[in-house]
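Visitor: Following this note's numbering, the numbering of the sequence shown begins with 3 at its first residue and continues without gaps.
All residues carry an ideal CB built from backbone N, CA and C; glycine is no exception.
Structure in structure tokens, see below.
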Amino acid sequence: MIVSKKSVILILISVFITNAVAIVVYTYVPKYLLNLGIDKPLMQLIITIFPLTAFIFPPLYGYFSDKIQNRFIFIVFGTIGINFAFLFLFLTQNLMFIIIMLFLFGFFMATSNLFITLFAELVEDDKKLISYFNAIIVAGWFVGAQFGGIFIDIYKIENIFLFVFIFSLPTIIFVVFIRENRSLIIERYRSRGDKNPNDLILNNFKEESPISHSIYYGLFFRNFSIKPIMPILAIIMSFHLGSDTEIGFLIGLNFLLQFFQMLFVGQIITIKNIKSFMILGYILSAISIYGYIISSNFWIFLFSQVLVSFSYSMHWAATTIYIAQNTTPKNKGKYMGYANTSVFSGSFLGGLLFSLLLVLNPDYYIAMYFMIIFPVISTIIIFLKFKPKQEII
3 MIVSKKSVIL
13 ILISVFITNA
23 VAIVVYTYVP
33 KYLLNLGIDK
43 PLMQLIITIF
53 PLTAFIFPPL
63 YGYFSDKIQN
73 RFIFIVFGTI
83 GINFAFLFLF
93 LTQNLMFIII
103 MLFLFGFFMA
113 TSNLFITLFA
123 ELVEDDKKLI
133 SYFNAIIVAG
143 WFVGAQFGGI
153 FIDIYKIENI
163 FLFVFIFSLP
173 TIIFVVFIRE
183 NRSLIIERYR
193 SRGDKNPNDL
203 ILNNFKEESP
213 ISHSIYYGLF
223 FRNFSIKPIM
233 PILAIIMSFH
243 LGSDTEIGFL
253 IGLNFLLQFF
263 QMLFVGQIIT
273 IKNIKSFMIL
283 GYILSAISIY
293 GYIISSNFWI
303 FLFSQVLVSF
313 SYSMHWAATT
323 IYIAQNTTPK
333 NKGKYMGYAN
343 TSVFSGSFLG
353 GLLFSLLLVL
363 NPDYYIAMYF
373 MIIFPVISTI
383 IIFLKFKPKQ
393 EII
């Protein structure tokens with residue numbers, strides 16, 4: 003049962019817009035920096051700022067929102083801050099100021115992790131509805147990547163921050179009308195515990211080991227390899243493709259496919275197959291990197307995008323559902339934050355390594371060959387260590 007349908011709808015709209023603009027920044031800022039005359043290794047180093055902030059701050063926001071039992075104020079704070087950062091990024095081309103604003107963008111964007119935390123609480127951890135949330139995220143990525151490419155073809159790359167600022171601004175209106183209903187959320191959790199003694203009980207929950215730590219290592223190593231590649235994917239595609247619209251379509255197609263895959267995966271995940279979904283998702287990540295290396299035309303890139311879409315939707319849907327259904331309002335923000343920290347700490351450290359590899363050899367493909375090994379490590383960790391405890395209903 004949904005605690006507040008209005009708030010759930012407002013969260014989904016806000017998440018859609020936030021992720022649409024975020025993917026524009028993540029996808030096209032490398033090209034923007036190269037257009038300013040920044041060298042490849044320095045460009046790669048600069049774009050690691052976002053994963054740096056994203057792995058430092060989500061668990062802090064999650065911890066404090068758990069402690070004060072308020073997600074809403076962090077969400078509003080982050081939404082206003084994101085628009086503030088976009089405005090100043092549009093107004094400057096000073097490299098140092100751009101770096102500061104990108105840091106602030108990541109700092110404020112880290113609060114968006116609390117959207118899924120609050121959403122899961124409002125829908126009482128329903129796996130089907132959580133799959134809708136994940137689908138809305140990738141729908142935003144699809145729209146952002148697609149329209150970002152079209153915008154760049156028409157208005158040029160130097161105006162990209164005007165586009166994200168205008169597109170992002172309405173989010174503030176939707177966010178301020180979200181109602182957290184904290185007392186009702188806690189009451190519902192306690193009521194579920196009374197009716198189902200085998201389920202999680204808020205007051206007696208064993209804090210020490212609700213989540214298998216293997217999922218965090220799996221997320222870390224997978225994103226150590228593939229996240230540094232995604233921001234420069236538009237650059238790699240430009241070596242072989244003719245227009246930013248075509249590139250935007252291929253990047254956006256990945257997210258469009260994930261939209262439907264998220265909806266489907268949410269329907270079929272069970273306690274018996276959740277581990278298999280994680281393992282297959284990580285294996286496909288390694289294959290996807292190899293696919294990008296050998297891609298030389300539109301159709302091979304298309305096939306690689308299909309693979310990476312399955313990779314993400316399978317392992318991430320399984321992970322978020324597992325965490326949501328093994329936590330309570332007292333710790334959900336913290337453990338969701340840990341998942342995001344695992345993703346972005348891997349992204350940050352992988353980005354540093356990728357930058358170093360480009361300093362040693364500026365050929366993107368040589369660096370990408372080295373990164374294939376890390377999703378394989380994720381696969382081995384999940385295969386050997388992950389043992390789901392709770393039944394997924």
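Using the Cα positions of Ile48 and Arg192, report the straight-line distance between them to the nearest angstrom.
Guide: Roughly 46 Å between the two C-alpha positions.
Visitor: In whole angstroms, give me the CA-to-CA distance for Ile375 and Ser227.
Guide: Approximately 8 Å, taken between the alpha carbons.
Visitor: Quick check on Pro364: buried or exposed, where buried means 16 or more other Cβ atoms within 10 Å of its Cβ?
Guide: Under this definition Pro364 is an exposed residue.
Visitor: Can you look up Asn363 in the DSSP assignment and give me helix, strand or coil?
Guide: Coil at Asn363, not helix or strand.
Visitor: Quick check: the Cα distance between Val166 and Val27, rounded to an integer number of angstroms?
Guide: When rounded, the distance between both Cα atoms is 8 Å.
Visitor: Quick check on this structure: which residue in Val145, Ile325, Ser344, Gly268 has the alpha carbon closest to the alpha carbon of Ala24?
Guide: Of Val145, Ile325, Ser344, Gly268, the residue nearest in Cα terms is Val145.
Visitor: Which whole-angstrom value describes the C-beta separation of Ile271 and Lys129, a residue pair presumed to lie in contact below a C-beta threshold of 8 Å?
Guide: The pair is a contact, with the Cβ atoms about 6 Å apart (cut-off 8 Å).
Visitor: Taking DSSP as the reference, what is the three-state secondary structure of Leu38?
Guide: Leu38: coil per DSSP, three-state reduction.
Visitor: The alpha helix (DSSP H) with Gly244 in it runs from where to where?
Guide: No alpha helix (DSSP H) holds Gly244; DSSP gives it neither H nor E.
Visitor: Answer with buried or exposed for Asn161, where buried requires no fewer than 16 other C-beta atoms within 10 angstroms of its C-beta.
Guide: Flag for Asn161 reads exposed.
Visitor: If you check the beta carbons only, do Gln71 and Leu360 fall under 8 Å apart?
Guide: Going by C-beta atoms, Gln71 is not nearer than 8 Å to Leu360.
Visitor: Given Phe117, which residues of its chain have a CB within under 6 Å of its CB, disregarding the five upstream and five downstream residues?
Guide: Contacts found: Ile13, Val17.
Visitor: Please determine whether the Cβ atom of Leu116 lies at a distance below 7 Å from any heavy atom of the ligand SAH.
Guide: No copy of the ligand SAH occurs in the structure displayed, which carries no ligand at all.
Visitor: Starting from Pro331, trace the alpha helix (DSSP H) in both directions and tell me its first and last residue.
Guide: It is not in any alpha helix (DSSP H) - Pro331 carries neither H nor E in the DSSP assignment.
Visitor: With DSSP as the reference, label His215 as helix, strand or coil.
Guide: Here His215 sits in coil by DSSP.
Visitor: Under the three-state reduction of DSSP, which class applies to Val17: helix, strand or coil?
Guide: Note: Val17 maps to helix in three-state DSSP.
Visitor: Along the chain, where does the alpha helix (DSSP H) that runs through Asp68 open and close?
Guide: Start and end: 60 to 70.
Visitor: Taking the runs of the alpha helix (DSSP H) that are 4 residues or longer, which of them lie wholly in the stretch 85 to 154?
Guide: Entirely contained in the stretch 85 to 154, the alpha helix (DSSP H) runs reaching 4 residues are, in chain order, 97 to 111, 115 to 124.
Visitor: Out of curiosity, what's the CA-to-CA distance linking Phe388 and Met280?
Guide: Each residue's Cα considered, the two are about 10 Å apart.
Visitor: Could you check if Asn206 is buried or exposed, using at least 16 other CB atoms within 10 Å of its CB as the buried criterion?
Guide: Because Asn206 carries a pLDDT of 42, less than 50, the predicted location of this residue cannot be relied on, and the following value inherits that uncertainty. It is exposed - the Cβ of Asn206 has fewer than 16 other Cβ atoms within 10 Å.
Visitor: For Ile285, which residues of its own chain have a beta-carbon under 6 Å away from its beta-carbon, when the five flanking residues on both sides are left out?
Guide: Same-chain partners within the cutoff: Thr381.
Visitor: Just curious, the alpha helix (DSSP H) that Met239 is in, first and last residue?
Guide: Where Met239 is concerned, the enclosing alpha helix (DSSP H) stretches over 235 to 240.
Visitor: Give a yes or no on whether the C-beta atoms belonging to Tyr30 and Gly150 are separated by under 8 Å.
Guide: Closer than 8 Å, so yes.
Visitor: To the nearest angstrom, report how far apart Asp68 and Tyr314 are at their CA atoms.
Guide: In a straight line, the C-alpha of Asp68 is about 28 Å away from that of Tyr314.
Visitor: Does the distance from the C-beta atom of Val177 to that of Thr81 stay below 8 Å?
Guide: Yes.
Visitor: Along the alpha helix (DSSP H) that carries Thr381, what are the first and last residues, could you check?
Guide: Counting along the chain, the alpha helix (DSSP H) containing Thr381 begins and ends at 375 to 387.
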